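Below is one structure, written out as structure tokens; the observations come after it.
There are 2 protein chains.
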Amino acid sequence: MFSTKGRYALRVMIDLAQQHSDDYIPLKDIAERQDISKKYLEIIVKELVHGGLVTGVSGKGGGYKLTREPSEYSVGEIIELLEGSLSPVACLAKDANECPKESVCHTLPMWTEFYLLERDFFYGKKLSDLVES
Amino acid sequence: MFSTKGRYALRVMIDLAQQHSDDYIPLKDIAERQDISKKYLEIIVKELVHGGLVTGVSGKGGGYKLTREPSEYSVGEIIELLEGSLSPVACLAKDANECPKESVCHTLPMWTEFYLLERDFFYGKKLSDLVES
DNA sequence: CATTTACCTATCAAGTCAATAGGTTTTACG
DNA sequence: CGTAAAACCTATTGACTTGATAGGTAAATG
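For the protein sequence lines, the chains are A and B, in the order given.
Sequential numbering from 59 applies to the first sequence in our numbering.
Sequential numbering from 59 applies to the second sequence in our numbering.
Now the structure itself:
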């Protein structure tokens, strides 16, 4: 199951996409609209900034803004940034050390197949798809 | 990510399927072959018994046995029994209380679509498919 | 009656989750 | 220059989950 980090990040991104204004949007406004603690959102938005998905500007009139068009974000990259990996099992995650039983594992082909399916699905979905619906 | 409970359960089921003997297989043997703590497997196998996927017999000569042919088990039911649900989000899980924002949720259709995809995948995969590979 | 096995209850250390708390720095505006 | 608004930063917390371990009881076989 996906945690709130990935799901809230998605909601923040959708919220920003819906404003289609060139202004910076204060986190306070997003938190109120989405009914999520602003303090908790800070943690999540920080990662979005570090990942280059949004830009933040301090001070009065500041806030956050998308760095690209909504159609240029995939849901997969947003979730993967916050959740770490979409992999169903640890041995397939990017930073995994190779499993010694890999060559005799009866389940690895299935996990790999599912992982590809999942990636195709979430990288195929664009942020703009969610805004419109 | 799936936890060890679901993954170990799958390995136990595969191990049992591979014995294709009509004898009961002691958990000790399975634990040694799979290199998993027998004590920990007890917890997992108990749930397989309660779910009716295997039968257990106590005493000398006892152990565990599948209740059906390997081709009659789907991977989905095994994982779902141990992991609780395949749902990517809490609001889609079986015992979920209805979300008040359901009607305005921009992500629910995507989660639902993914959930169906996932279920199709794991219920389509049979235990026999894993044993052969 | 001794051995082997499943079966049962409880406990535990470490980690993760979902926040909260309390600040500092940056910027715009009057 | 001062003040308000905003991002940004570090730390902490309580509850829960994970992945086991411990120590027994009950059942079946020879």
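Glycine is no exception: its CB is placed at the ideal position from the N, C-alpha and C atoms.
Here the structure is a predicted model, which means the values were calculated and not measured.
Should residue i be labelled buried (16 or more other beta-carbon atoms within 10 Å of its own) or exposed?
i: B/P167; result: exposed
i: A/L154; result: One detail in the question is off: residue 154 of chain A reads as Ala in this sequence, not Leu. It counts as exposed.
i: B/L73; result: Correcting the residue type first, residue 73 of chain B is Asp in the shown sequence and not Leu. Buried, because 16 or more other Cβ atoms sit within 10 Å of the Cβ of B/D73.
i: A/S145; result: buried
i: B/V162; result: exposed
Three-state secondary structure (DSSP) at residue i?
i: A/K159; result: coil
i: B/T62; result: helix
i: A/I83; result: strand
i: B/G114; result: strand
i: A/S132; result: strand
i: A/K152; result: coil
i: A/G120; result: coil
i: B/K184; result: strand
i: A/E127; result: coil
Can you pull the chain B neighbours of residue i, defined as C-beta to C-beta under 7 Å?
i: A/P128; result: Residues of chain B passing the Cβ test: none, with the nearest at roughly 12 Å.
i: A/P146; result: M59, F60
i: A/K183; result: M168
i: A/L68; result: T165
Below 9 Å on C-beta distance, what does residue i contact in chain A?
i: B/P167; result: L188, S191
i: B/L106; result: Within chain A, no residue comes near B/L106; the closest Cβ sits about 16 Å away, beyond 9 Å.
Determine, using beta carbons only, whether residue i comes closer than 8 Å to chain B.
i: A/L140; result: no
i: A/I102; result: no
i: A/I72; result: yes
i: A/R65; result: yes
Residues of chain B with a CB under 8 Å from the CB of residue i: which are they?
i: A/L111; result: Those do not exist, as A/L111 stays about 17 Å from chain B at its closest Cβ, beyond 8 Å.
i: A/H78; result: Correct list: empty, because the minimum Cβ distance to chain B is about 15 Å.
Would you mind telling me which residues of chain A sit closer than 8 Å to residue i, beta carbon to beta carbon, in chain order?
i: B/V133; result: M168
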